[in-house]
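In case it helps, the working numbering puts the sequence shown at residues 15 to 114.
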Amino acid sequence: MGKLNFPPFAFATRNYHCGRMADGDELEEILHFRRDTLETYFAQTKQTVSPVVRAVTLVLSPFIKWMLLRRSEPYRAYKTRNEKLISRFFTEEDKAEMKV
């Protein structure tokens with residue numbers, strides 16, 4: 015989809031969950047799933063996606079971005095100035111930057 019250029023506060027900076035597992039260290043010893051960075055993941059994924067799919071994605075990326083922002087509860091909280099939700103999703107530093 016090209017360069018990530020979402021607006022500020024599109025994603026939460028606190029109280030988000032990424033599936034931390036209690037036995038994650040044991041799983042890492044078996045599967046070695048933590049060895050890659052986000053950059054290496056994107057590089058590997060890019061190699062498996064056909065040029066046609068990449069071209070279609072590039073054309074559709076503005077719509078996809080719009081749809082993702084529409085579904086982003088943190089971004090909606092920021093845009094509507096919902097202080098309760100802003101406190102749930104963002105740090106005090108973020109709130110100061112938002113001037114809330």
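For every residue, glycine included, the Cβ atom is placed at its ideal position computed from N, Cα and C.
By the C-beta density criterion, Tyr55 is exposed, having fewer than 16 other C-beta atoms within 10 angstroms.
When only Cα atoms are considered, Pro88 and Thr62 end up about 32 Å apart. If you draw a straight line from the Cα of Val114 to the Cα of Asp39, it is about 40 Å long. In the DSSP assignment, Asp108 falls within the unbroken alpha helix (DSSP H) covering 106 to 112.
Contact check for Arg102 and Asn19: beta-carbon distance about 25 Å, past the 8 Å limit, so the pair fails to qualify.
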